[in-house]
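J.: The structure under discussion is supplied below as structure tokens; questions concerning it will follow.
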């Protein structure tokens, strides 16, 4: 997961990634008694406008 190593100017990104993990983990526990599986998928790094802007700021 890209958010597992932290760098400057990434606090909001890393916080949102952990929020996704925490939500998924809690939801998994809440619905497990109903035989519902909950998973999260972490896609690989992709080129985007956001990445180019953040690299210019560092």
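In the numbering used here, the protein residues as written are 338 to 395. Glycine included, C-beta positions come from ideal geometry on N, C-alpha and C.
1) Helix, strand or coil for residue 356 per DSSP?
2) Give every residue of the same chain whose Cβ lies closer than 6 Å to the Cβ of residue 372, excluding the five residues on either side of it in the sequence, and list them in chain order.
3) Determine the DSSP secondary structure at residue 362, reduced to helix, strand or coil.
4) Tell me whether residue 345 sits in a helix, a strand or coil according to DSSP, three-state version.
T.: For this structure:
1) Helix at residue 356.
2) none
3) helix
4) coil
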